[in-house]
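Asks: Residue numbers (our numbering): 804 to 1127.
Think of the CB as a built atom: it goes at the ideal place given N, C-alpha and C, for glycine as much as any other residue.
Following this message is one structure expressed as structure tokens.
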Ligand code: SF4
């Protein structure tokens, strides 16, 4: 039988081959975790939201009622912890609803499972959502529940969406125009194009994992996620040098933390806006006194535009060098 490889199996192997062996070969079950239950419940609520019996979306109260219905209580250490996650899931769905209800349309596919024969192995997975635009272009969407946005570079070198791109080509016989990570907690989407080079790179990466597994290379690779590893008590890399206890898992976002950041950011923006007004007055009076229409600094130029208003632009690198 051919080896089945999913994005999560490949990424587990790349992080630590021994962890892959425990999870995918020895099949030692992992403990349920709050973050996994939280993600599972949100994914299910969004699947339901995008698959109504009619082409019209449900109401927000109906969506929140469904969240209660599909909520998974697995893995939470206390009722208080679960309540925090539930509150976060509710506010995430409210945000999602407000941003998506206007443009609501039925997707081409939801929770699409795939198993593709790649010759030496099979590629498997589940695509969260596939949309088709008015010109017939496909877009593959994957929901994420990260608290912080990963750097753009790491998103484009991530293997997950190139794998879904390959799956889309096989399942629907079409190349998606773009692939998108939808960061639900941050209400942020990141889209990019899977070029033939990215696809080729992804296939080489998968083959490297395949070779490692075939050659039974399962050495432990200590990494900064070891404290959360389900197999830490079994791991020879830590015997004699044990990690005493796992750090508690962070909830997706503390509501108090979100409020504090909101208040602080608002204050910062307000201060900056009043500073801009002050600077505008200074520059406008200077231009008036000098009877000039423009003045430059080392980084930008301020000028009176055709409507008689003060405007400004950044200088390009070449312009700022020439202005020195
Ligand atoms: S504890 Fe770290 S090194 Fe050991 S199996 Fe888990 S991830 Fe690998």
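(1) Less than 8 Å between the CB atoms is what I'm expecting for residue 962 and residue 814, so what's the real figure, rounded?
(2) I need the DSSP call for residue 862, collapsed to helix, strand or coil.
(3) Measuring only from the beta carbon, is residue 816 closer than 6 Å to any heavy atom that is part of ligand 1?
(4) Closer than 6 Å: is that where the CB of residue 823 sits relative to any heavy atom of ligand 2?
(5) Any heavy atom of ligand 1 closer than 6 Å to the beta-carbon of residue 812?
(6) Would you say the segment 1000-1008 touches the segment 980-990, given that touching needs at least three Cβ pairs under 8 Å?
(7) Quick one: Cα of residue 837 to Cα of residue 926, how far?
(8) Report buried or exposed for residue 849, applying the criterion of at least 16 other Cβ atoms within 10 angstroms of its Cβ.
(9) Is it right to say residue 915 is buried, meaning 16 or more other beta carbons lie within 10 angstroms of its own, or is it exposed?
(10) Quick check: is any heavy atom of ligand 1 less than 6 Å from the C-beta of residue 1025?
(11) Using the three-state DSSP reduction, which class does residue 872 fall into: helix, strand or coil?
(12) Alpha carbon to alpha carbon, how far is residue 1048 from residue 854?
(13) Would you say the segment 949-956 touches the segment 905-921, given that touching needs at least three Cβ pairs under 8 Å?
(14) When you compare the segment 1008-1020 with the segment 970-985, are there three or more beta-carbon pairs, one atom per stretch, that lie closer than 8 Å?
(15) Does the Cβ-Cβ distance between residue 929 and residue 967 come in under 7 Å?
(16) For residue 1040 versus residue 1023, is the C-beta distance shorter than 7 Å?
(17) Between residue 833 and ligand 1, is there a pair consisting of the residue's CB and a ligand heavy atom that are separated by less than 6 Å?
(18) Where residue 899 and residue 861 are concerned, what is the direct C-alpha to C-alpha distance, given to the nearest angstrom?
(19) How about the segment 859-878 and the segment 821-829: do they share at least three Cβ pairs that are nearer than 8 Å?
(20) Can you find a heavy atom of ligand 1 that lies under 6 Å from the Cβ of residue 1034?
(21) With residue 944 as the anchor, note down where its beta strand (DSSP E) starts and where it stops.
(22) For residue 821, collect the residues of the same chain with a Cβ closer than 6 Å to its Cβ; drop the 5 residues on either side in sequence, then sort them by chain order.
(23) May I ask which residues mark the beginning and end of the beta strand (DSSP E) holding residue 840?
(24) Can you list, in chain order, the residues of its chain whose CB lies under 8 Å from that of residue 1117, leaving out five sequence neighbours each side?
(25) Between the Cα of residue 1112 and those of 1084, 1031, 1092, spot the shortest distance and give me the residue it belongs to.
(26) Could you tell me which uninterrupted beta strand (DSSP E) segments, each at least 3 residues in length, are contained entirely in the segment 962-998, listed from first to last along the chain?
(27) Taking the alpha-carbon positions, what's the residue 1097 to residue 985 distance?
(28) When the distance is taken between beta carbons, is residue 981 closer than 7 Å to residue 969?
(29) For ligand 1, is there any heavy atom lying closer than 6 Å to the beta carbon of residue 1040?
(30) Grouping DSSP H, G and I as helix and E and B as strand, with all else coil, what is residue 1027?
(31) In three-state DSSP terms, what is residue 1048?
Replies: In short, the structure shows the following:
(1) 7 Å
(2) coil
(3) no
(4) Looking at this structure, you won't find ligand 2 anywhere; what it does contain is ligand 1.
(5) no
(6) no
(7) 28 Å
(8) buried
(9) buried
(10) yes
(11) helix
(12) Summary for residue 1048: the model assigns pLDDT 45, below 50, so the residue's position carries little reliability; its value from the coordinates is reported in the next sentence. Using only the alpha carbons, I get a separation of about 43 Å.
(13) no
(14) no
(15) no
(16) yes
(17) no
(18) 13 Å
(19) no
(20) yes
(21) 941-947
(22) 1021, 1023
(23) Element bounds for residue 840: not the beta strand (DSSP E) but the alpha helix (DSSP H), 837-852.
(24) 1102, 1103
(25) 1084
(26) 981-986, 991-995
(27) 43 Å
(28) no
(29) yes
(30) coil
(31) Low confidence applies to residue 1048: its pLDDT is 45, below 50, so where it sits in the model is not reliable enough to give any reading.
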